[in-house]
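Q: Residue numbers for the sequence shown follow the working numbering, beginning at -15 and rising by one.
Take a look at this one; I'll ask things after.
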Amino acid sequence: MSKLKVVVTSSFVDDEFMKVANEVLGDIADVVLDPGATEDELIEKCKDADAALAIYDPFTDRVFAALPKLKLVSVISIGYNFIDAEAAKKYGVAVCNNPTYCVNEVADHTAALMLALNRRLLNYNTAVKVNHIWKATAEKGNIKRMNTQTVGLVGFGNIARRVATRMQACGCKVIAFDPYVKQEFADQFNVQLVTLDEIYEQSDMISLHALLNKETEKMINKEAFEKMAAKKPYLVNCGRGGLIDEDALLEALQTGKLMGAGLDVFVSETPDLAASPFTKLGDNVIITPHAAFFSDHASYEQKLFACQNLRNFFTGNGDKVPVVNGIRTPRA
């Protein structure tokens, strides 16, 4: 059997990624790095490819229609909102994501942001290092005991469940909104499922864990912030930036509808930090550079698992592959 051709279409990969890809796939595939940032580029670069390893690349209906040889897109990340998975299914192309490599890191990062915000760590740090103020009571009225706090999770998947465990260890009550989860399942984690409005009305801290799709894009909008205003929670987003209407978020922070925010993601994966109004906000807004997923362990497993998914798909082990559109065997 001739070797497969696998194109790595992302410009975000590094030399280690290509090393891992060749170690995992070298006996069954020729792996080439040929990034494509536009639909036309993807069509040209993948025209004779059997599979693609992708992240943030625009695999649309038009792209899939133009690639009759393509059989699989193995997504390097957990999120796959940049791929039209239903269009892929229409053309017989499987799409799989990478759902497990960084769940602990993202849960840790989320919990760390909540704790840092609630304990006002950046505010104290600035007071001491910049303003030379050594005064615990400088934050009087802004810090509440953790075991009096309610954490609201929007989405209750793998990461959210780990966040629940971490915050419960701090004594927090945890509630969640997820229309695809039954209460009997949530009971295993001592979490009460509630409506989205109840999340807004009851939570001292809200963390976003929904997948980004047409249903969830900008779900946290001006109306949502109005409903949060009475409670003035902290908002944490280590998921996808597109879940939030950024204009509405900025207004909510500037007008005090939120106590603060921990933001690991924005709508853009390459935000203009010098121009961003969010970087001008105070220490009650903590921003990290889409780093929640990262650790040395997770970085390696991200590469390994994405390539193993591809290998399993083409070697008769499609049942082991986390496909998101139901296709588990290569099309002819």
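Where a beta carbon is used, it is the ideal one built from N, C-alpha and C, also for glycine.
Here the structure is a predicted model, which means the values were calculated and not measured.
Straight-line CA distance for A33 to F278?
A: Answer to the nearest angstrom: the Cα atoms are 30 Å apart.
Q: So, under 8 Å CB-CB, E70 and N293 are touching, yes? Tell me the CB distance rounded to an integer number of Å.
A: About 19 Å; that fails the 8 Å criterion.
Q: Would you say A259 reaches chain C, if we count a Cβ-Cβ gap shorter than 7 Å as a contact?
A: Judged by its chain identifiers, the structure shown contains no chain C, having just a single protein chain.
Q: How would you label Q286, buried or exposed, when you count the other beta carbons within 10 angstroms and need 16 or more for buried?
A: So Q286 counts as buried.
Q: Is L265 helix, strand or coil when you go by DSSP?
A: L265: coil per DSSP, three-state reduction.
Q: If you reduce the DSSP assignment to three classes, tell me which class G63 lands in.
A: Correct three-state label for G63: coil.
Q: Write down the C-beta distance between M98 and Y218 rounded to the nearest angstrom, noting that I regard them as a contact closer than 8 Å.
A: That belief holds up - the Cβ atoms of M98 and Y218 are roughly 7 Å apart, short of 8 Å.
Q: In the DSSP assignment, what residue or residues form a beta bridge with L17?
A: DSSP lists V(-8) as partners of L17.
Q: Kindly list the residues whose CB is nearer than 8 Å to the CB of E23, restricted to its own chain and excluding five residues on each side of it in sequence; keep chain order.
A: Excluding positions up to five away in sequence, the list reads P42, T44, R46, V47.
Q: What separation, rounded to the nearest whole angstrom, lies between the Cα atoms of V249 and R103?
A: Between V249 and R103, the C-alpha separation is close to 22 Å.
Q: If the criterion is Cβ atoms closer than 7 Å, does the pair A95 and G139 meet it?
A: Not a contact, by the Cβ cut-off of 7 Å.
Q: If you drop the 5 nearest sequence neighbours on each side, which residues of the same chain put their C-beta closer than 6 Å to that of L51?
A: The residues are C30.
Q: What residues match up with K157 in a beta bridge as DSSP calls it?
A: Answer is T134.
Q: Evaluate L257 with the Cβ neighbour count: other Cβ atoms within 10 Å of its Cβ, from every protein chain shown; 16 or more gives buried, anything less gives exposed.
A: Classification of L257: exposed, given that the 10 Å Cβ count is below 16.
Q: Please list the terminal residues of the continuous alpha helix (DSSP H) segment that includes C291.
A: Where C291 is concerned, the enclosing alpha helix (DSSP H) stretches over 280 to 298.
Q: On the three-state DSSP scale, how would you describe L51?
A: Here L51 sits in coil by DSSP.
Q: So the candidates are C86, N81, Y85, N126; which of them puts its Cα closest to the Cα of A100?
A: Answer by Cα proximity: N126.
Q: For a quick check, are the C-beta atoms of K55 and D14 less than 7 Å apart?
A: Cβ atoms of K55 and D14: not closer than 7 Å.
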